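Peer 1: In the numbering used here, the protein residues as written are 926 to 1773.
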């Protein structure tokens, strides 16, 4: 039986090729995602290991969430004390900052999208464990205020060489400067900044730029003497430090930094694995269909095995063996393709700034095991039902010319599908409307259950549509159209199983189209309703900018008012919580819809809360909010409650002085400008404002329409990315249609020969096969559009309390999906129709 199964598999290589390809694509996505994740993890871990000292001395609690830089510092006089420790070889003070952008020769910023734009002082201190770490690889270190060193990658991307003048923009009071490039920094022992940019100054210049001239440091590295452990040196350092300063080992500091960043980028791997799962589910439909057709075609052969003494188990296992071999081949090819996919993912994220080009791909054992496990398990599971039916063939059926595999009744299948869909709707409702842990898993499980349930019930659900399509085809194309419609109705299981793969892809595409359109419509509605002022000034990169910008814009003729906004983040009960700040005298300008309190109630150490968030937290006016901030735990009194407002992008609003006192940097995130008066023509004033920030490419001036367009852009990018990834599922669905038609033609060889013998022309035969393909694609499209619209509306309704109050159905886009599905049906039929038309009539008639 084993030999027979393997010979059967080898005898049907072409028939199984496209089924294997579905597994190859799914496994490739899994392998590529895991390889990218492992490569990113190793790269970031190596980077942070090379960017800490043996012991790091820093302000206690001076770390912030989401990359905000604290203003807490270490006094300079501690450096000499630390260097004098018995087991310390040296101590070096560091001045670190972000938002330090290099401007290239074309006047554009280098980097900034994703990885940070960093600034620091050059010390030459060795990294932890004696690693060389960052070093000057060409030129010299900076010695004066007009000199700078750049990392090699940044200098290359910006087009600068040693001796060139480099324009730099920062978020500090001295927002623009130019310095001569005197050296290039890099990692001689291997490594990179992973797309981050780095500008290095001499220590005094860095203190002037980033610490307002304080003789202090962001942190201090203490290097251990040979043979001294990091923990021993840290213990010695703690003995000379005041309470507000802490000493941690370099290993701990590196782990903290790496784990925070890895957690932040882990969504990339999760995102890719979700689409790998979608591809595998869609591929499963193709495998089930392929094995069902192949087993049906081999019915007499399998009955003969039974007549010759093979047991039911042997026959069933022979089919499963074929599936295992198919899974092995698919997993092997998928693993190889996964390497190429990982390279592609690395290149794509590199275009967004996360440069991993210098890191070799990591092929970990778990990736290999996962690839083969996924390939074999999915293929075997998909083939199990067809294999199980083979064991129900009676030996006496070998004596018949026509052998039909036993099938479950459509009535039982319909009932099972409806029950599964109903259960899926219940689970989906729990995830959407009930506060359950890991709601995303509930939503995903509910959607999958509904899709599988509708797929199971579709042979009955789709019958009215198939009957209607047959009638239309018969009227339009006569006998040929009637034949195509009858062929679709002949085996509704096969038709709907093939259509289901396309249905899943289009369901998700339609859902995302509705979510994207609704999100953009909600943004437009919120901005139109709540936009205050005439212009918004912000950074295109989302980074803070110099407060000097607000001062200069206030002096522009025609500008009547400048309202500043700032953002920070702290921890509330261990969870990240964003905080906004503004000038208390300008609260009225924000036109907040206050539920309680008045604009004058906002003062230092008090907060206004968004109504929805306050209700969620159970807070009212007079209560206190306790947050863990860079300067330690702070308690702020609730002075007012306001309705959600798109201008205030945080649930907590306080004053700018309160944020500065909490340890956040004195930099603005956004400005709201009012213009008016004789000199206040909006277009003229905008030109003047643009001149103010002409030398700061990161800062832009936007009116209401431009601001709304900027808010819509990330939504468009996300939707397009998801559409691109869903294209993989749609490719597999198209392969399913091609495979089903090709196998159906083999199964109907004699029938096709008879049709040709009684006068059906080759052109008419091609038309009939094409119409059958269009029926499958149309059925999948209609089911996908209906389910996708339902899911999209339900999701948006569930998110109405999150500010997404407008539900928009992009009818034109959905119509395009329907039209493309018909085109897909026509194209998928090209090769099967061509093969059918080339069959020799006499040989086809003689086929058993």
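C-beta atoms are modelled at their ideal positions from N, C-alpha and C, and glycine is treated no differently.
This structure is a prediction, so every number in the text was calculated from the model and none was measured.
Assign residue 1168 to buried or exposed, taking buried as 16 or more other Cβ atoms, counted over all protein chains shown, within 10 Å of its Cβ.
Peer 2: exposed
Peer 1: Hey, how far is the Cα of residue 1265 from the Cα of residue 1203?
Peer 2: 20 Å
Peer 1: List the whole-angstrom C-beta distance separating residue 1143 from residue 998, where the pair is believed to meet the contact cut-off of C-beta under 8 Å.
Peer 2: Between residue 998 and residue 1143 the Cβ distance is about 6 Å, and since that is below 8 Å, they are a contact.
Peer 1: At which residue ranges does the region 1443-1492 contain complete alpha helix (DSSP H) runs of 4 or more residues, listed in the order of the chain?
Peer 2: Taking only runs of at least 4 residues, the alpha helix (DSSP H) segments lying wholly in the region 1443-1492 are 1473-1479.
Peer 1: Which full runs of the alpha helix (DSSP H) of 4+ residues lie inside the region 950-991, going along the chain?
Peer 2: Listed in chain order, there is nothing to give.
Peer 1: Please classify residue 1259 as buried or exposed, where buried requires at least 16 neighbouring CB atoms within 10 angstroms.
Peer 2: buried
Peer 1: Between the region 1728-1745 and the region 1458-1469, do three or more beta carbon pairs fall short of 8 Å?
Peer 2: Segments in contact, no.
Peer 1: For residue 1368, report the span of its alpha helix (DSSP H) as first-last.
Peer 2: 1364-1386
Peer 1: What whole-angstrom Cβ distance do residue 1176 and residue 1155 have, given they're in contact under 8 Å?
Peer 2: The pair is a contact, with the Cβ atoms about 6 Å apart (cut-off 8 Å).
Peer 1: Looking at C-beta atoms only, is the number of pairs between the region 1557-1575 and the region 1508-1521 that lie closer than 8 Å three or more?
Peer 2: Contact between the region 1557-1575 and the region 1508-1521 is present: three or more C-beta pairs spanning the two stretches fall below 8 Å.
Peer 1: Looking only at its chain, what residues have a beta carbon closer than 6 Å to the beta carbon of residue 1538, apart from the 5 residues adjacent to it on each side?
Peer 2: In its chain, beyond the 5 residues on either side, 1576 have a beta carbon closer than 6 Å to the beta carbon of residue 1538.
Peer 1: Taking the alpha-carbon of residue 1253 as reference, which of 1693, 1695, 1555 and 952 has the nearest alpha-carbon?
Peer 2: 952
Peer 1: Taking a contact to mean a Cβ-Cβ separation below 8 Å, would you say residue 1103 touches residue 1091 in this structure?
Peer 2: yes
Peer 1: Among the candidates 979, 1548 and 1376, whose CA atom is the shortest distance from the CA of residue 1157?
Peer 2: Considering only alpha carbons, the answer is 979.
Peer 1: Would you please state the rounded distance, in angstroms, between the beta carbons of residue 1690 and residue 1754? I believe it to be under 8 Å.
Peer 2: The pair is not a contact, with the Cβ atoms about 11 Å apart (cut-off 8 Å).
Peer 1: Looking only at DSSP bridge pairs, what is residue 1670 linked to?
Peer 2: Partner(s): none; residue 1670 has no beta bridge.
Peer 1: Per DSSP, what kind of secondary structure is residue 1591 in: helix, strand or coil?
Peer 2: Three-state result, residue 1591: coil.
Peer 1: Using DSSP bridges, identify the partner residues of residue 1577.
Peer 2: 1504 and 1534
Peer 1: Helix, strand or coil for residue 1106 per DSSP?
Peer 2: strand
Peer 1: Which one or two residues does DSSP pair with residue 1128 in a beta bridge?
Peer 2: DSSP lists no partner for residue 1128.
Peer 1: Along the chain, which unbroken stretches of the alpha helix (DSSP H) at least 4 residues long are found entirely within the region 1595-1622?
Peer 2: 1607-1617
Peer 1: Under DSSP, the beta strand (DSSP E) around residue 1626 begins and ends at which residues?
Peer 2: 1624-1627
Peer 1: Are there three or more Cβ pairs, one per stretch, closer than 8 Å when the region 1400-1420 is compared with the region 1692-1706?
Peer 2: As far as the Cβ criterion goes, the region 1400-1420 touches the region 1692-1706, which means the pair count is three or higher.
Peer 1: For residue 1201, which option in 1716, 1650, 1741 and 1679 has the closest C-alpha, if you only look at C-alpha atoms?
Peer 2: Distances from the CA of residue 1201 to each of 1716, 1650, 1741 and 1679 were compared; the closest alpha carbon is that of 1650.
Peer 1: Using 8 Å as the cut-off, can you tell me whether the region 1620-1629 makes contact with the region 1587-1595, which would need three or more C-beta pairs spanning the two stretches below that distance?
Peer 2: The region 1587-1595 and the region 1620-1629 do not touch, with fewer than three beta-carbon pairs separated by less than 8 Å.
Peer 1: Which residue's Cα is closest to the Cα of residue 1725: 1357, 1207, 1434 and 1378?
Peer 2: The option with the nearest alpha carbon to residue 1725 is 1357.
Peer 1: Hey, quick one: how far does the alpha helix (DSSP H) through residue 1112 stretch, first residue to last?
Peer 2: Looking at the DSSP string, residue 1112 is not in any alpha helix (DSSP H), and its letter there is neither H nor E.
Peer 1: Under DSSP, the alpha helix (DSSP H) around residue 1757 begins and ends at which residues?
Peer 2: Counted as a single uninterrupted DSSP element, the alpha helix (DSSP H) harbouring residue 1757 occupies residues 1755-1762.
Peer 1: Could you tell me the alpha carbon to alpha carbon distance between residue 1183 and residue 1100, rounded to whole angstroms?
Peer 2: 30 Å
Peer 1: Could you please give me the residues that DSSP links to residue 1561 through a beta bridge?
Peer 2: 1550
Peer 1: Exposed or buried, what is residue 1326 when buried is set at 16 or more other beta-carbons lying within 10 Å of its beta-carbon?
Peer 2: No answer about residue 1326 holds up, because its pLDDT of 48 lies below 50 and its placement is not dependable.
Peer 1: Can you check whether the CB of residue 1159 is closer than 8 Å to the CB of residue 1145?
Peer 2: no
Peer 1: Hey, out of 1364, 1660 and 1097, whose CA is closest to residue 1702's CA?
Peer 2: The candidate whose alpha carbon is nearest that of residue 1702 is 1660.
Peer 1: So what does DSSP say about residue 1026, is it helix, strand or coil?
Peer 2: In the structure shown, the three-state DSSP call for residue 1026 is strand.
Peer 1: Relative to the alpha-carbon of residue 1683, which residue among 1610, 1488 and 1404 has its alpha-carbon at the smallest distance?
Peer 2: 1404
Peer 1: In chain order, which alpha helix (DSSP H) runs of at least 4 residues are fully inside the region 1627-1663?
Peer 2: none
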